[in-house]
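First up is the structure itself, then whatever we jot down about it.
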Amino acid sequence: MTQQPKRGGTVVTYSCRASRHHESVALRELASRLAAIKGYDFAEEFDSARRYSGPLYFVPNDTLVGIAAAQKLGIKNEQDLFGGVVPFAFAATKTITHPLPDADSRSPEGWSPEFANRVRDVVLPGYSAFSTRDARIAAARLLELGSVRIKLPAGIGGLGQSVVDDEQALDAQLNSLDDDAVLRDGLVLEQDLAEVVTHSVGQVRVGDM
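Per our numbering, the sequence shown runs over residues 2 to 210.
Spelled out as structure tokens, the structure:
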């Protein structure tokens, strides 16, 4: 059955990963409001077996990974989604903010130090690591400056973070992590700051707005 859009297209949500109930509710509400703004129909979750008339506008619950995968959905540019597309999973996480500890440190496919080099003067001292060995090397250097904050790269709102003050605490924290997850996703290690005030700055674009 073909979906007949009201005025020009259809907004759909798209699940890249499992979501908690409140996240799904929030995503649906966001997509519904975007549909109203764009003058599109809202058709709930994308169904690959369903035929839609007019252009689709995707509202994914996470950054899409893989250019080819996005193109298969019909996503070619920012006019087609409210979100982002990256060629490699790490590019959507905090790991791009910092360099690796050493030139021979383990790195994922597609890794480039370019962005970290460009922003090094406006971010905290820190490193990204894709093995517990490299994480220990990075943390040892940072501990000379004081406490070290260890972050899981995809953590949101302060989740997935811990602070260590010495090598004993560091070992305990690293030993508690899944080695395979570290190899796959990496870790971020930064100098820890006290009494931090965070300001979020960003830009949102919806079509030509």
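Here a beta-carbon is modelled for each residue, glycine too, at the ideal position from N, C-alpha and C. Remember, predicted model here, so these are calculated numbers, not experimental data.
Given a cut-off of 8 Å, decide if residue j and residue i are closer than it, judged by their beta-carbon atoms.
| i | j | result |
| --- | --- | --- |
| Gln174 | Ile151 | yes |
| Ala44 | Thr11 | yes |
| Val86 | Leu57 | no |
| Pro126 | Glu191 | yes |
| Val13 | Phe47 | yes |
| Leu82 | Pro61 | yes |
| Asp63 | Arg18 | yes |
| Asp42 | Ala36 | yes |
| Leu153 | Leu188 | yes |
Provide the residue(s) that pair with residue i in DSSP beta bridges, ordered along the chain.
| i | result |
| --- | --- |
| Pro88 | Partner(s): none; Pro88 has no beta bridge. |
| Thr199 | According to DSSP, which records beta bridges pairwise, Thr199 is partnered with nothing at all. |
| Tyr58 | Val12 |
| Glu149 | For the sequence presented, residue 149 should be read as Val rather than Glu. According to DSSP, Val149 bridges with Val165 and Gln192. |
| Ser129 | Val189 |
| Phe43 | Val12 |
| Leu82 | Phe59 |
| Val66 | Val87 |
Ignore the nearest five residues each way along the sequence and tell me which others in residue i's own chain have a CB closer than 6 Å to its CB.
| i | result |
| --- | --- |
| Ile68 | Pro88 |
| Ala139 | Pro102, Tyr128, Ala130 and Leu190 |
| Ala117 | His99 and Pro100 |
| Val165 | Val149, Leu171 and Gln174 |
| Tyr15 | Phe47, Phe59 and Pro61 |
| Ala93 | Thr64 and Val87 |
| Ser177 | none |
| Ala71 | Leu65 and Val86 |
| Gly84 | Pro61 |
Enumerate in chain order the residues of its own chain whose CB-to-CB distance from residue i is below 7 Å, with the five nearest sequence positions on each side excluded.
| i | result |
| --- | --- |
| Ser163 | Ile151 and Gln174 |
| Gln80 | Gly208 |
| Ala90 | Val66 |
| Glu24 | Asn62 |
| Thr96 | Ser129, Pro154, Gly187 and Val189 |
| Asp180 | Thr133 |
| Pro6 | With a pLDDT of only 44 at Pro6, under the threshold of 50, the placement of this residue in the model should not be trusted, and no figure is reported. |
If we cut at 8 Å on Cβ distances, does residue i have a partner in chain C?
| i | result |
| --- | --- |
| Thr133 | No chain C is present in this structure, which holds just one protein chain. |
In chain order, what residues of the same chain have a beta carbon less than 8 Å from the beta carbon of residue i, not counting five sequence neighbours either side?
| i | result |
| --- | --- |
| Arg120 | The identity of residue 120 in the sequence shown is Val, whereas the question assumes Arg. Contacts found: Thr98. |
| Leu146 | Pro126 and Gln192 |
| Met210 | Ile38 |
| Leu28 | Thr14, Ser20, Val60 and Asn62 |
Please report the Cβ distance between residue i and residue j, rounded to the nearest whole angstrom; I am assuming they are in contact, meaning their Cβ atoms lie under 8 Å.
| i | j | result |
| --- | --- | --- |
| Arg107 | Ser148 | 25 Å between Cβ atoms; not a contact. |
| Leu144 | Glu168 | 7 Å |
| Gly9 | Gly55 | 6 Å |
| Leu171 | Arg142 | Not confirmed; about 12 Å, so no contact. |
Notebook entry, point to check: Should the segment 157 to 173 be called in touch with the segment 111 to 125, which here means at least 3 C-beta pairs below 8 Å?
Noted result: Cβ pair count under 8 Å is below three, so no.
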